[in-house]
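Read the structure below first, then the notes.
In my numbering, the protein residues as written are 3 to 164.
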């Protein structure tokens, strides 16, 4: 297929991003295959005060939600800014990627990305204290100015040499 025709059928909102979960058990090919078939989304930049009901209300607009798993601080067992949303169909998840990614929930711009599928234990943040790594980086390492938009994760990793 020519490059021009390929651009017409490409849907950049639902394409698999370059991000890969470094803790994935398996090879990159298997992960890529799972991501392309997945019904599960990772949702980041949630407010610590966003509830499961609020997440369900917004994400159910794009399709039937099977379950929502709110990310928890490993120690405190409190919400730590991310969740997983699993749909019954790929179409519902694709619609969420198209129409919900980049919208506001509790005054925060939420980000969605494909996830290879939720497994028990992944609901806990990976930060220093068991919370979300990104929030730990923002608070402890960078002392990010809260009046400015958040710095992209890849940029934070580059700044501290991860």
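Built from N, CA and C at the ideal position, the CB exists for glycine as well.
Quantities reported herein were computed from a predicted structural model and do not represent experimental measurements.
- Pairing residue 30 with residue 61, the inter-Cα distance amounts to about 28 Å.
- Using a Cβ distance threshold of 8 Å, residue 103 and residue 113 count as a contacting pair.
- Out of 33, 118, 34, the CA that lies nearest to the CA of residue 87 is found in 118.
- Contact check for residue 49 and residue 98: beta-carbon distance about 18 Å, past the 8 Å limit, so the pair fails to qualify.
- For residue 76 and residue 101, the gap between their C-alpha atoms comes out near 31 Å.
- The beta carbon of residue 96 sits closer than 7 Å to those of 16, all from its chain and outside the five residues before and after it, given in chain order.
- In this structure residue 90 is in contact with residue 41, their Cβ atoms being roughly 7 Å apart against a cut-off of 8 Å.
- Annotation: residue 94 is outside any beta strand (DSSP E); the continuous alpha helix (DSSP H) that includes it extends over 92-101.
- Rounded to the nearest whole angstrom, the C-alpha separation of residue 85 and residue 78 is 16 Å.
- By alpha-carbon distance to residue 39, the top candidate from 94, 46, 72 is 94.
- Following the DSSP letters along the chain, one finds residue 75 in no beta strand (DSSP E), marked with neither H nor E.
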